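**Student:** I'd like to ask some things about the structure below.
Numbering (this note's numbering), first residue to last: 16 to 465.
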């Protein structure tokens with residue numbers, strides 16, 4: 016069987032256009048037949064490098080990756096909008112592409128005229144467009160605006176018209192970029208139903224999306240592009256999980272770097288001599304003082320410092336410092352502190368919050384029934400959580416040292432940030448172990464890639 020799409024050793028170079036980089040003349044480009052030939056590596060941007068894959072007829076193929084990974088460049092090459100620098104691309108059959116918002120639309124003319132222009136570009140005759148015109152308009156839902164200039168359309172209306180024209184050209188291969196995310200909920204559902212019908216007729220779909228759930232639900236296989244290179248190709252679930260893990264690990268590294276930077280700045284501030292506080296100008300009124308006070312940010316740390324938090328860390332099951340976890344993983348909250356003079360009444364506390372300040376969970380040694388006898392010098396407290404069942408998202412950590420009556424020695428808000436991922440979706444901050452079971456006359460389709 017002839018492949019619907021065959022990509023072999025695909026590479027794409029762009030010439031840097033920033034000031035200071037070599038500019039090609041028309042003469043040099045014509046002589047060398049290239050705008051990038053002869054340029055040094057630092058004068059080019061490698062958008063794609065040695066990418067190879069095959070998409071079979073009737074297959075739904077997904078492409079994921081971060082911004083700048085080469086996804087849109089790949090689609091533009093498949094659609095014939097760009098020429099590859101190296102390698103080969105073969106697409107068999109009629110191709111319809113929905114890649115860039117408003118691509119191919121003339122803003123000064125009406126939606127009606129743009130339907131005819133786009134239809135011709137996509138290979139339809141005038142008669143075929145006449146026959147499909149009413150269906151195109153009905154699907155787009157733009158009947159009241161079809162004779163308005165396209166420049167007056169919203170971004171969602173652009174998507175409605177572009178998708179409607181593309182899907183009604185009856186293509187063999189449909190290329191769809193993230194633009195569907197711009198449409199409203201009802202139209203997105205309509206598009207997805209139409210894509211299901213399109214696939215049921217044995218046609219081929221190549222879908223680029225940041226929605227991993229959409230890729231898992233609609234695609235038979237998925238490709239992960241990373242820095243213009245093929246990172247992983249396989250079942251959507253496997254590829255999406257690997258991508259999620261990579262993103263979580265990067266977020267963890269970012270959290271760790273931010274923590275180390277805060278500690279470095281704090282140490283520098285402690286070593287720096289205190290600057291004298293300038294006296295307020297004579298005659299300054301109380302009104303201006305209150306305005307200045309209102310403009311100040313809420314303090315992130317306070318207390319007498321009779322006992323002081325030196326460091327806080329998150330540790331995984333192996334004792335390694337980490338700031339990304341899968342929901343349900345064991346986590347240890349470690350607090351290092353020092354008492355400058357002997358203290359009898361000491362409570363260690365921990366609180367987990369969302370970035371918007373919602374308290375997810377908190378505890379302290381007093382709530383756990385522990386009563387201190389004394390603390391002097393350095394001490395380390397570890398709160399072990401066998402299964403941190405937080406929902407996917409970003410979280411902030413507060414740690415505190417205080418007396419049992421609440422008198423603060425050292426309260427440190429937002430001392431750490433960390434992220435939590437989960438294989439399945441959910442709502443809220445609590446993510447208990449769960450499993451669906453069913454009896455009776457209900458059946459479920461197997462998820463693609465399982």
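Positions of the beta carbon are idealized from the N, C-alpha and C atoms, including for glycine. If you're wondering where the values come from, they're calculated on a predicted model, not measured in any experiment.
1) From this set, 235, 256, 431, which residue's C-alpha is nearest residue 270's C-alpha?
2) Heavy atom of the ligand FAD less than 8 Å from the Cβ of residue 324, yes or no?
3) Return the bridge partner residues of residue 239 from the DSSP annotation.
4) With three or more beta-carbon pairs closer than 8 Å as the criterion, would you say the region 18-32 touches the region 101-115?
5) Where does residue 336 fall in DSSP's three states?
6) Considering only the alpha carbon of each residue, which of 403, 336, 418 lies closest to residue 364?
7) Three-state secondary structure (DSSP) at residue 297?
8) So, at 8 Å on beta carbons, what are the nonlocal neighbours of residue 406 in its own chain, with the 5 sequence-adjacent residues on each side left out?
9) Are the C-beta of residue 450 and some C-beta of chain D separated by less than 9 Å?
10) Under the DSSP definition of a beta bridge, which residues are partnered with residue 413?
11) Since residue 181 contacts residue 113 with CB under 8 Å, what's their CB separation in whole angstroms?
12) From residue 384 to residue 317, what does the alpha carbon distance come to, in whole angstroms?
13) Given that a residue counts as buried once 16 or more other Cβ atoms are within 10 Å of its Cβ, and exposed if not, what is residue 212?
14) I'd like to check one pair, residue 20 with residue 70: are the Cβ atoms closer than 9 Å?
15) From residue 227 to residue 359, what distance separates their C-alpha atoms?
16) Cα-Cα, which of 319, 214, 78 is closest to residue 353?
17) Quick check on this structure: which residue in 83, 164, 187, 140 has the alpha carbon closest to the alpha carbon of residue 73?
18) Going straight from the alpha carbon of residue 427 to that of residue 415, what length do you get?
19) In the structure shown, what three-state DSSP assignment does residue 359 receive?
20) Ignoring anything shorter than 3 residues or poking outside the region 385-464, list the beta strand (DSSP E) runs there in chain order.
21) Excluding the five sequence neighbours on either side, which residues of its own chain have a C-beta within less than 7 Å of the C-beta of residue 294, listed in chain order?
22) If you reduce the DSSP assignment to three classes, tell me which class residue 88 lands in.
23) Between the region 86-94 and the region 218-225, do at least 3 Cβ pairs fall closer than 8 Å?
24) What separation, rounded to the nearest whole angstrom, lies between the Cα atoms of residue 184 and residue 111?
25) How about residue 130 and residue 161: are their beta carbons less than 9 Å apart?
26) Which same chain residues end up closer than 7 Å to residue 305 when comparing Cβ atoms and leaving out the 5 residues on each side of it in sequence?
27) Would you kindly check if the distance between the Cβ of residue 369 and the Cβ of residue 338 is under 9 Å?
28) Determine the burial state of residue 179: buried for a count of at least 16 other Cβ atoms within 10 Å of its Cβ, exposed for fewer.
29) So residue 345 and residue 402 are in contact, right, with Cβ under 8 Å, and what is the actual spacing, rounded?
30) Could you work out which residue in 120, 259, 454 is closest to residue 170 when comparing CA atoms only?
31) Under the three-state reduction of DSSP, which class applies to residue 160: helix, strand or coil?
32) Look at the alpha carbon of residue 244 and the alpha carbon of residue 59, and state the distance between them as a whole number of angstroms.
33) Starting from residue 166, follow its DSSP beta bridges and name the residues at the other end.
34) Under 7 Å Cβ to Cβ from residue 38, same chain only, skipping five residues before and after it: list those, please.
35) Just reading off the alpha helix (DSSP H) that residue 1 is part of, what are its end residues?
36) Looking at the structure shown, is residue 206 part of a helix, part of a strand, or coil, going by DSSP?
**Tutor:** From the atom records:
1) 431
2) With respect to the ligand FAD, the structure shown offers nothing to examine, as it has no ligands at all.
3) For residue 239, which the question treats as bridged, DSSP gives the partners 79, 247.
4) yes
5) Residue 336: strand per DSSP, three-state reduction.
6) 418
7) Because residue 297 carries a pLDDT of 45, less than 50, the predicted location of this residue cannot be relied on, and no value is offered for it.
8) Non-local C-beta neighbours of residue 406 in its own chain, meaning closer than 8 Å and more than five positions away in sequence, comprise 342, 435, 437, 441, 442, 443, 444, 445, 446, ordered along the chain.
9) The displayed structure is made up of one protein chain only, and chain D is not part of it.
10) 366
11) 5 Å
12) Using only the alpha carbons, I get a separation of about 25 Å.
13) exposed
14) yes
15) 53 Å
16) 319
17) Ranking the options by Cα distance to residue 73, first place goes to 187.
18) Cα to Cα, residue 427 sits roughly 6 Å from residue 415.
19) coil
20) Runs of beta strand (DSSP E) with 3 or more residues, each lying fully within the region 385-464, are found at 390-400, 408-417, 423-436, listed in chain order.
21) Caution applies to residue 294, whose pLDDT of 46 falls short of 50 and renders its modelled position unreliable; the value that the coordinates give is listed next. Around residue 294: no qualifying Cβ.
22) helix
23) yes
24) About 7 Å.
25) yes
26) Confidence is the limiting factor: at residue 305 the pLDDT is only 40, short of 50, which leaves the residue's position unreliable, though a coordinate-based value still follows. Cβ neighbours of residue 305 beyond the five flanking positions: none.
27) no
28) buried
29) 6 Å
30) 120
31) coil
32) The straight-line gap separating the alpha-carbon atoms of residue 244 and residue 59 is approximately 16 Å.
33) Per DSSP, none; premise fails for residue 166.
34) Caution is warranted here: a pLDDT of 49 is assigned to residue 38, below 50, making its placement in the model unreliable, and no coordinate value can be reported.
35) The chain is shown from 16 up to 465; residue 1 falls before or after that span and cannot be answered.
36) helix
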